[in-house]
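Presented below is the structure to which this report refers.
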Ligand SMILES: Nc1ncnc2c1ncn2[C@@H]1O[C@H](COP(=O)(O)OP(=O)(O)O)[C@@H](O)[C@H]1O
Ligand SMILES: [Mg+2]
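Next up, the structure:
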């Protein structure tokens, strides 16, 4: 006999990096996830906490194979830990028919700095270089720096300013850029505006490890309006679900006062409607086309950070893509929570419907706990 799974309450895993022995029942309500938990419960989903640690891959695999979908929040690099073990695991369970957001292959296309290069010709793009080997970086970067004077170099995978530097020739002006040229290098992790003078050849050598670790480097032109802050645009799939107005400190010139706190804003915030319209109608469809992603492959929650470009002659803002985050987008605006919940439930139900029916009595996952709420395993 065969039972249909289609009527089962979708079981949705929430995966985050955690010491499993700490036994925390729910992930990071402090990161603004509470409204998401409520949204999932309201839609009849069963929430399944899946704390992840690299020494428990087998246990986590079992837990993931027992859900219909999984929302994942794990940074590319955090306290020295990477996703080297997590990503193959997520690929494996996704191949078994579990919906995973964000899927590691989607992160590779969308959430690494290479996206800045691949979409440099879109309306959000800026003059960008891509280097896929140390030899390529050594050969081509000096020429770009000589021509542009001031560039921001970024390792492909990173967060928190890790592997991001402003590199400039004297005065930030174009000029000769041989291996002995002295460049000013500012690390985006420094919060005091400090920088150092090094030979360009030495800087290029220092980047070799980052390149080897993260797979590639990109550079893009430095945006002079950095002190005006940034606007983070939160998306669920193809839709804008809110904004985060923020004032990053990394790469600002000189010491700065304390940064204002990030302000979360609704998707309807009047100041950002031009940005929203262009993002939804133009840039995101083009992005999906360039990356070869179907709309439903875009994560349930992701964000794009925009720097302010030069104003138009009419005094309007322009926006330059700084990075896309898809690995661990939390916190997010409260207005995003019900949209993420709806996406997770719809995708998990679709995954549930696609998987082969479970023979009765086989003890398959799902369907054992039809009550909405926080499922525990
Ligand atoms: N093109 C740029 N122009 C000016 N500042 C930049 C530029 N790119 C990055 N920054 C600064 O560097 C910081 C880190 O860069 P980002 O691309 O966001 O990498 P990540 O957050 O992954 O470390 C940004 O928050 C911003 O302060
Ligand atoms: Mg950033």
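Residue numbers (the working numbering): 26 to 402. Yeah, the Cβ is synthetic: ideal placement off N, Cα and C, and Gly gets one too.
- With respect to residue 242, residue 251 sits apart: the two C-beta atoms are not nearer than 9 Å.
- Distance from residue 155 to residue 202 at the Cβ level is roughly 18 Å; contact not present, criterion being Cβ atoms closer than 8 Å.
- In summary, residue 377 is buried, with 16 or more beta-carbon neighbours lying within 10 Å of its beta-carbon over all protein chains present.
- Taken through DSSP and simplified to helix, strand or coil, residue 92 comes out as coil.
- In the DSSP assignment, residue 230 falls within the unbroken alpha helix (DSSP H) covering 225 to 231.
- When the alpha-carbon of residue 72 is set against those of 319, 210 and 34, the nearest one is in 34.
- Pairing residue 114 with residue 161, the inter-Cα distance amounts to about 32 Å.
- No heavy atom of ligand 1 is found nearer than 8 Å to the CB of residue 197.
- Counting only heavy atoms of ligand 2, the residues whose C-beta sits closer than 6 Å to one of them are, along the chain, 330 and 348.
- At a threshold of 8 Å, residue 247 counts as near ligand 1, since its beta carbon sits closer than that to one of the ligand's heavy atoms.
- The beta carbon of residue 188 sits closer than 8 Å to at least one heavy atom of ligand 1.
- With a threshold of 16 other beta carbon atoms within 10 Å, residue 198 falls short and is exposed.
- In the structure shown, residue 143 adopts helical secondary structure according to DSSP, grouped into three states.
- In the structure shown, the three-state DSSP call for residue 239 is helix.
- Nearest C-alpha to residue 353 among 296, 182 and 221: 182.
- The C-beta of residue 75 has 16 or more other C-beta atoms within 10 Å across all chains shown, which makes the residue buried.
- Within the same chain, Cβ atoms closer than 6 Å to the Cβ of residue 175 are found at 193, 197 and 247, the five residues on either side in sequence being excluded.
- Assigned with DSSP and collapsed to three states, residue 199 falls in coil, not helix or strand.
- Taken in chain order, the complete alpha helix (DSSP H) segments of 4 or more residues contained in the stretch 275 to 355 are 298 to 303 and 309 to 316.
- Proximity to residue 61 across 305, 374, 356 and 44 peaks at 356, based on C-alpha coordinates.
- Taken through DSSP and simplified to helix, strand or coil, residue 244 comes out as strand.
- Per DSSP, the unbroken beta strand (DSSP E) holding residue 189 starts and ends at 189 to 193.
- Judged by DSSP in its simplified three-state form, residue 166 adopts helix.
- According to the DSSP assignment, residue 130 belongs to the alpha helix (DSSP H) that extends over 129 to 135.
- At least one heavy atom of ligand 1 lies closer than 8 Å to the C-beta of residue 183.
- At a Cβ-Cβ threshold of 9 Å, residue 379 and residue 331 do not count as neighbours.
- At least one heavy atom of ligand 1 sits closer than 8 Å to the Cβ of residue 213.
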